[in-house]
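Counted the way our numbering counts, the sequence shown spans residues 11 to 221. Have a look at the structure below, then the notes.
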Amino acid sequence: MKAKMLFRIILYIIGLNVLALGTTLFACGKLGVSSLVSVPQTLSFIIHTTLGHATTMFFIVLVLIQLIIVRRFELKIVLQLVLAFVFGWLVDFYGLTVGLKRVPLNGYDERIPVTLLAILCTALGIFMMVKASFVLIPADGFVNVISEKLHKPFGQMKFCFDASMIVITIILGLVFLHHITSIGIGTVLAVLFVGQLINLFNYIVDKTKKA
Numbered sequence: 011m012k013a014k015m016l017f018r019i020i021l022y023i024i025g026l027n028v029l030a031l032g033t034t035l036f037a038c039g040k041l042g043v044s045s046l047v048s049v050p051q052t053l054s055f056i057i058h059t060t061l062g063h064a065t066t067m068f069f070i071v072l073v074l075i076q077l078i079i080v081r082r083f084e085l086k087i088v089l090q091l092v093l094a095f096v097f098g099w100l101v102d103f104y105g106l107t108v109g110l111k112r113v114p115l116n117g118y119d120e121r122i123p124v125t126l127l128a129i130l131c132t133a134l135g136i137f138m139m140v141k142a143s144f145v146l147i148p149a150d151g152f153v154n155v156i157s158e159k160l161h162k163p164f165g166q167m168k169f170c171f172d173a174s175m176i177v178i179t180i181i182l183g184l185v186f187l188h189h190i191t192s193i194g195i196g197t198v199l200a201v202l203f204v205g206q207l208i209n210l211f212n213y214i215v216d217k218t219k220k221a
């Protein structure tokens, strides 16, 4: 039992780092970020802060909304606050401390592979964190609360959440920056393939277990 718990913890930590790396790579690719990252990145442009700080602030808002909706203290929701700070720190660690954001990408032949790697890391990170079954990232926690409140499937609410993030990003960009930012081909590819890659990882794991 202890070995299984240790495996889950390690899987969760690796998944969290891989997801943060994917978030950073989306920003580096500059071809549009995932719907999850689009609002924080636009906020970072508006208030002139780092992507990590903006992500933490955005996640805190999502956690507070969850607590307002459930109207009671839930540890699994409160712990998302801790995760919000850790995830934001990791994003800035890979982007600024490691220096990935300072690596010049001059053309599509360099940006497209980085964006595809970002999609792969995002899907793998989410897959690992879900398999570890610990604290959800605030975005998924928010979707989970909404789906339970409205008695709707998680997948359906996840799609609505992602679509609303894109709409909010467009509105924020037009109002405060006078142009659309953070949305591009990378956003479209993320919408199309992140979920499919997660399904593929699940299929591979299930096949491996049966073998």
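In this text, a Cβ means the ideal position worked out from N, Cα and C, and glycines have one as well.
Check	Outcome
Who are the Cβ neighbours of V113 in its own chain at under 8 Å, not counting the five residues just before and after it?	C38
For the alpha helix (DSSP H) that contains Y22, what are its first and last residues?	K12 to G39
Check I156 in the structure and name its three-state DSSP category.	helix
Mapping DSSP to helix, strand and coil, what is P123?	helix
Leaving out the 5 sequence neighbours to the left and right, which residues in its chain are closer than 8 Å to I24 when beta-carbon positions are compared?	M138
Mapping the DSSP letters down to three states, classify K168 as helix, strand or coil.	helix
Are A133 and G32 close, meaning C-beta to C-beta below 9 Å?	yes
Shorter than 8 Å, the distance from the beta carbon of L85 to the closest heavy atom of the ligand GDP, or not?	Ligands in the displayed structure: none, and consequently the ligand GDP is not present.
Does the beta-carbon distance from V47 to F36 come in below 9 Å?	yes
Alpha carbon to alpha carbon, what distance is there between I129 and V88?	28 Å
Does M15 pass the burial test, meaning 16 or more other C-beta atoms within 10 Å, or should it be called exposed?	exposed
Is the segment 65-75 touching the segment 159-176, taking contact as three or more C-beta pairs under 8 Å?	no
I'd like to know whether the C-beta atoms of S54 and M175 end up nearer to each other than 9 Å.	no
Out of L85, R81 and I193, point me to the one whose CA is closest to I178's CA.	I193
Run through DSSP, which three-state label would N116 get?	coil
Whole angstroms are fine: how far does the CA of H63 sit from the CA of D28?	Note that residue 28 corresponds to Val in the displayed sequence, not to Asp. Roughly 18 Å between the two C-alpha positions.
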